[in-house]
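Just so we're aligned: the sequence shown equals residues 1 to 93 in the UniProt record's numbering.
Data first, discussion second: the structure below is written as structure tokens.
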Amino acid sequence: MDEKTIRNIFQDYCEREEEQLKFEMPKWLGIDEIHIIKKPRCVLTNIEHQTVIDMLDNRNKSTLLRYFTKHEDRERIEFIAMDMWRPYKISTR
């Protein structure tokens with residue numbers, strides 16, 4: 001089987017799974033970063049359940065604001081543990 005066919009089948013599968021996935025913002029949100037291939041990535045975690053909920057391409061203020069704006073249930077968040085890095089502070093207000 002051709003590699004492109006496999007990629008397309010997998011992409012279709014992922015899209016179907018994403019449609020069925022119900023995501024909720026956690027009550028206890030952790031925000032930190034990890035460097036992958038010399039580039040910082042923002043890592044969002046559910047502290048209560050000790051799980052990674054998302055990894056963003058970067059940790060820029062605009063990326064974080066866009067992420068939080070698209071999640072209407074962000075009011076669910078009661079506590080946030082994060083670095084005191086300015087873009088984190090600004091985007092979580």
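Every residue, glycine too, gets a C-beta built ideally from N, C-alpha and C.
Check: Best match in D2, I9, I53 for proximity to K27 [C-alpha to C-alpha]; Outcome: I53
Check: Opening and closing residue of the beta strand (DSSP E) in which E33 lies; Outcome: 28-36
Check: Check whether I77 and L21 have beta carbons under 8 Å apart; Outcome: no
Check: Top-ranked residue by Cα proximity to K39, from I9, M55, D73; Outcome: M55
Check: DSSP bridge partner residues for P87 (one or two, in chain order); Outcome: Answer is none; P87 lacks a bridge partner.
Check: CB of I31 within 8 Å of CB of M84, strictly; Outcome: no
Check: For D2 and N8, the rounded distance between their alpha carbons; Outcome: 10 Å
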